[in-house]
Each structure stands twice: as structure tokens, then as C-alpha cells.
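Residues in the sequence shown are numbered consecutively from 1, following full-length UniProt numbering.
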Amino acid sequence: MKNSVTLFLIIIGLSMVSCNNTKIEKNIKMYSDTWNHIVNDGNLDLINNTNFTEDITMIASPENVVGIENFKAYYQNFITGFSDIEFTVVDIFGQGDNIVKHWKFKGKHTGDFFGIPATEKSVDIEGVTIAKMKDGKIAQEQDFMDNTLFMQQLGLSPNPENATIINQLYTNFGEGNIEAVLGMMDPNIQWNESSCSSYSDGNPYSSPEAILNGVFGRIGQDNEYFKLENIELAGLGDNKVLASLNYDGKSKKTEQTYKTTVVHLWTLNNGKITAFQQYIGIGKQ
1 MKNSVTLFLI IIGLSMVSCN NTKIEKNIKM YSDTWNHIVN DGNLDLINNT
51 NFTEDITMIA SPENVVGIEN FKAYYQNFIT GFSDIEFTVV DIFGQGDNIV
101 KHWKFKGKHT GDFFGIPATE KSVDIEGVTI AKMKDGKIAQ EQDFMDNTLF
151 MQQLGLSPNP ENATIINQLY TNFGEGNIEA VLGMMDPNIQ WNESSCSSYS
201 DGNPYSSPEA ILNGVFGRIG QDNEYFKLEN IELAGLGDNK VLASLNYDGK
251 SKKTEQTYKT TVVHLWTLNN GKITAFQQYI GIGKQ
């Protein structure tokens, strides 16, 4: 009788291991096939609630990308920003609901990429993604790669002085020293608000005075408070600086608070700001 019980337990244990291995294999196949078609075929429609959970989350800084539509909008930048794409999975393995993927990405930068105009440069990079699955769907991702190498391959060699200037501009704005902010601008600056912004009706604002009246003044009139938070700067080549940050404010009209993720692309020449482009990400201004 004892031998029969032992044999039964062994059979049950082997069955559980077999089922677990089958689940991992199924998750890996679904995950690999989905990303192959999304990146190599440019099929962003596969970012849907069949393959991803409704609250799919990409761990990122300064703020996570959450939800199917925001996740799709993020990866749209890669599909439209690069041509001749080759995305290869070098190795992939899993344990439980966790998947680790070692990948390589090749492409030519021929389109807008997070506000960076086409450089016509080719990139060949690799990285690692840690993913979590839930009920057979992709629930969370976090990418690790050498961003410095990526920017170098794009031919975007940063000028540290430009990032210092933009950092000072944000400091001046935070202290309410708008006169100093305007003084950092070229007299013929070209300032463009995102098409999603209610202040885009004046695009392009072509002087510091126009920006004061059409943007800064209206921000003060429309909000009980308005702050810039979680500012991260990346110096780019061609005298450009890319900033990611949050707008944290409260509307006077609706009395609602809001937090919006935005990207600013600054262009400088001889220490003066000659152009600005705003891109609104998660949320609305």
C-alpha cells in the first residue's frame, strides 16, 4: 500500500512539472510570435486586449507607460521612426509567468522618433527585456539597453553646455523668473506647442513676446497652479536637447487636477534657444 501511494505522488508530481513546462512553452511562443509580427511586420494592431492585459505596463522613467493605447502609441515611434527593421530574438527563456528575452534591433532612422527628426543613420543595438505574463497575456515589460550607444549610432553627439542651459531655463521657470526664461531665447525663436494643446492655435510663436502672451500668460490665467516635475534631460547632436517631464497642475475652469507626461525638444545656437517643440504623451493638457 505504501509503495502504491509513493508511486501515485510521483505521477502527480511529474504531471505538475509537465503542465508547468507546457504553460511556459506556450507563453514563450505567444510572446515571441506577437513581438515578431509587431516589430518586423509593423503590425501595431496586435497590441490589443487579446495579446496584452488592459493595464499592460512598461516600466519607464519618469513615468510608466500604462494601458493598451498608450503602449501602442509608444511603440508607434519605433515603427514610423525606422525603416529596414530587423528584430531578432537571440535567446528567450521563462520561469513561471516571467520571461527574459535577449534581442537585437537593426534599422535606419528615416522618420520622426520621439520628436527626433530623421538622421538617415543606421543602428545595430541589442538589449534585454524582462516580461511578466498573466493568464496567457503580456502584462508587464521592462527594457534594458545602452542608450548612449544608441544615440551615438544615430550620430547625435551631445553638447553638455546645451543641457546646462536648458536645465537653467527650467530652474528659472520653476522660480517664476519668466523674464530670465525669455532672455534665454533667440529673438526669432520658432516655438510650437503640441497639436493636442489648447495653446497650439498660435503656432508657430515667433518671438519671446509672442510666447509670453500666447503660452506663459495663458497658462497662468487657466491654472490655479502649474508645476514642472521629474525633469530628465538628454543632450543630442545637432545642438538639440530632449527633455521628458510631467506637468502637474489644477485647472481654474474645471477645478480638476492633472498630471501630464510630455517631451520637449529644444534647439540651440550659440547659447540661445532657437526652436522648441512640445509633444504630449499620457494624459491631456
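Don't be surprised by glycine CBs; every beta carbon is placed ideally from N, CA and C. All of these numbers come straight from a predicted model, not from anything done at the bench.
- The C-beta distance from Ile79 to Ile68 rounds to 16 Å, too long to meet the 8 Å contact threshold.
- Sorting Ser61, Glu86, Asp91 by C-alpha distance to the C-alpha of Ile38 places Glu86 at the top.
- Using a Cβ distance threshold of 9 Å, Thr254 and Lys134 do not count as a contacting pair.
- The Cβ atoms of Ile166 and Val215 do not sit closer than 9 Å to each other.
- Secondary structure within the UniProt domain "SnoaL-like" (167-275): the alpha helix (DSSP H) runs of 4 or more consecutive residues, fully enclosed, are 178-183, 208-211, 217-222 (chain order).
- Non-local C-beta neighbours of Arg218 in its own chain, meaning closer than 7 Å and more than five positions away in sequence, comprise Tyr199, ordered along the chain.
- With contact defined as three or more Cβ pairs closer than 8 Å, the region 94-112 and the region 130-145 are in contact.
- Taking a 10 Å sphere around the C-beta of Phe93, we find fewer than 16 other C-beta atoms and assign the residue as exposed.
- Here Val66 has Asp55, Thr57 as same chain residues with Cβ atoms under 7 Å from its own Cβ, once five neighbours each way along the sequence are excluded.
- Per DSSP, reduced to three states, the secondary structure at Phe93 is strand.
- According to DSSP, residue pairing for Phe87 in a beta bridge involves Phe105.
- A Cβ-Cβ contact shorter than 9 Å links Glu232 with Ser244.
- Assigned with DSSP and collapsed to three states, Ala131 falls in strand.
- For the pair Leu169 and Asp91, the Cα-to-Cα distance works out to about 45 Å.
- Collapsing the DSSP output to three states places Lys121 in coil.
- In the three-state DSSP reduction, Asn98 falls in the strand class (E or B).
- Between the alpha carbons of Asp186 and Ala275 lies a distance of about 8 Å.
- DSSP assignment within the region 13-88 yields the following whole alpha helix (DSSP H) runs of 4 residues or more, N-terminal first: 68-81.
- Taking C-beta atoms under 8 Å as the contact rule, Lys108 and Phe82 qualify, at a distance of about 6 Å.
- About 14 Å separates the beta carbon of Leu149 from that of Leu236, a gap too long to meet the 8 Å contact definition.
- DSSP places Phe150 in the helix class (H, G or I) of the three-state scheme.
- Using a 10 angstroms sphere on the CB of Glu229, the tally of other CB atoms stays under 16, which defines it as exposed.
- Across the structure, Asp238 and Asp112 are spaced so that their CA atoms are roughly 15 Å apart.
- Rounded to the nearest whole angstrom, the CA to CA distance from Tyr205 to Leu44 is 34 Å.
- Distance from the Cα of Ile24 is smallest, within the candidate group Asp41, Phe144, Gln95, for Gln95.
- Beta-bridge partners assigned by DSSP to Ile116: Phe113.
- In the same chain as Lys272, and ignoring 5 residues on each side of it, the C-beta atoms closer than 6 Å to its own belong to Asp186, in chain order.
- Residues of the same chain with a CB within less than 7 Å of the CB of Val89, apart from the 5 flanking positions on each side, are Ser32, Lys101, Trp103 in chain order.
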